[in-house]
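Residue numbers (my numbering), protein chains in the order written: chain A, 10 to 120; chain B, 620 to 729.
Remarks on the structure that follows.
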């Protein structure tokens, strides 16, 4: 059972910011939000994770709402190579490796 | 950069063959995993290992075994391959909360 809801697809123009929403209304206090992406026929790639504060790394930014029931992954300047399926998952303890990826959002970046 | 490598990208085997899938990580991670990914079923955990010679069953261990003799290497073994084991196999390793995946092995069992 995926604990998250994401739109099935979205398009983005190259060079623009891509904002990917995720709903996780049943998230519990000790669960983190993770984002991965998977380019066709490759293994998933870790992007970012957070608990309640906004996070930024070299790939993306993660904005988590104050009630933690939703979050947004921001790719600041999308490129054609960012075309992939993006997965938002919630995960609790460090020993929870049963990553439930769900269907994700298929992001297509167009020139 | 964390690197997780898998021995083959594509593999074709016959029913009943013993199949070895190898995975190596270069970041001294203690935890390593084997998943399979199938359309409509998502990612399912087969086995994981939290230390050398230590292993735990995941959700779907039947028909598989694993070996971890060295920290950097985690092998998945299909004792007698069957057609329902045709799938994408993903190895991963983790440091704290970040799980890093290999490129995957697409196995076809005929």
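We put the beta carbon where it would ideally sit given N, CA and C, even for glycine.
Please read these numbers as outputs of a predicted model, since none were measured by experiment.
If I measure Cβ to Cβ from residue 661 (chain B) and keep anything under 8 Å in the same chain, skipping five residues before and after, which residues do I get?
So the list is empty, once near-sequence residues are dropped.
Spell out whether any CB of chain B is found under 8 Å from the CB atom of residue 15 (chain A).
Using beta-carbon distances, residue 15 (chain A) does not count as an interface residue toward chain B, since no partner is under 8 Å.
Are the C-beta atoms of residue 680 (chain B) and some chain A residue less than 8 Å apart?
No, because no Cβ of chain A sits closer than 8 Å to the Cβ of residue 680 (chain B).
Where residue 98 (chain A) and residue 43 (chain A) are concerned, what is the direct C-alpha to C-alpha distance, given to the nearest angstrom?
One C-alpha to the other measures close to 5 Å.
Could you check if residue 10 (chain A) is buried or exposed, using at least 16 other CB atoms within 10 Å of its CB as the buried criterion?
Low confidence applies here, because residue 10 (chain A) scores a pLDDT of 48, under 50, leaving its location unreliable; read the following figure in that light. Residue 10 (chain A) is exposed by the Cβ-count criterion.
With a 10 Å radius around its C-beta and 16 neighbouring C-beta atoms as the bar for buried, classify residue 628 (chain B) as buried or exposed.
With fewer than 16 Cβ atoms within 10 Å of its Cβ, residue 628 (chain B) is classed as exposed.
Assumed close pair residue 45 (chain A), residue 96 (chain A) - CB separation to whole angstroms, cut-off 8 Å
About 5 Å separates the two Cβ atoms, so the contact holds.
Roughly how many angstroms separate the alpha carbons of residue 20 (chain A) and residue 117 (chain A), rounded to a whole number?
Straight-line spacing of the CA atoms in residue 20 (chain A) and residue 117 (chain A) works out to 5 Å.
Using a Cβ-Cβ cut-off of less than 9 Å, list which residues of the stretch 704 to 719 of chain B approach chain A; keep chain order.
Residues of the stretch 704 to 719 of chain B whose Cβ lies closer than 9 Å to any Cβ of chain A, in chain order: 707, 709, 710, 711, 713, 715, 716, 717, 718, 719.
What does a CB cutoff of less than 7 Å around residue 645 (chain B) pick up in its chain, not counting 5 residues either side in sequence?
Excluding residues within five positions, the ones whose Cβ falls inside 7 Å are 622, 691.
Does residue 95 (chain A) have its Cβ less than 8 Å from a Cβ in chain B?
It does not: the Cβ of residue 95 (chain A) has no partner Cβ on chain B nearer than 8 Å.
Quick one: what does DSSP say residue 89 (chain A) is sitting in, helix, strand or coil?
Note: residue 89 (chain A) maps to helix in three-state DSSP.
Quick one: grab the DSSP three-state call for residue 656 (chain B).
Residue 656 (chain B) falls in the strand class under three-state DSSP.
Closer than 7 Å to a non-hydrogen atom of the ligand GDP - does that hold for the CB of residue 691 (chain B)?
Looking at this structure, you won't find the ligand GDP or any other ligand, since it has none at all.
Any contact of the stretch 680 to 695 of chain B with the stretch 633 to 648 of chain B, i.e. 3+ C-beta pairs under 8 Å?
Because the criterion of three Cβ pairs below 8 Å is met, the stretch 680 to 695 of chain B and the stretch 633 to 648 of chain B touch.
Taking the continuous beta strand (DSSP E) assigned at residue 110 (chain A), which residues delimit it?
Run containing residue 110 (chain A): none; DSSP gives neither H nor E here.
Considering Cα atoms alone, identify which of A:38, A:70, A:77, A:112 is closest to residue 182 (chain A).
An answer regarding residue 182 (chain A) cannot be provided, because it is not within the stretch 10 to 120 covered by chain A.
Any C-beta of chain B within less than 9 Å: which residues of the stretch 40 to 52 of chain A qualify?
Residues 41, 43, 45, 47, 50, 51, 52.
Is residue 10 (chain A) helix, strand or coil when you go by DSSP?
Confidence at residue 10 (chain A) is low in this model, with a pLDDT of 48, below 50, so the placement of that residue is unreliable and no value is reported for it.
How would you call residue 648 (chain B), buried or exposed, if buried means at least 16 neighbouring beta carbons within 10 angstroms?
By the neighbour-count rule (16 or more Cβ atoms within 10 Å), residue 648 (chain B) is buried.
Spell out whether any CB of chain A is found under 8 Å from the CB atom of residue 658 (chain B).
Not closer than 8 Å to any Cβ of chain A, the Cβ of residue 658 (chain B) fails to qualify, so no.
In angstroms with no decimal places, state the Cα-to-Cα distance between residue 25 (chain A) and residue 92 (chain A).
Cα-Cα distance, rounded: 13 Å.
Using 10 angstroms around the beta-carbon of residue 726 (chain B), count the other beta-carbons present and answer buried if the total reaches 16, otherwise exposed.
With 16 or more other Cβ atoms within 10 Å, it is buried.
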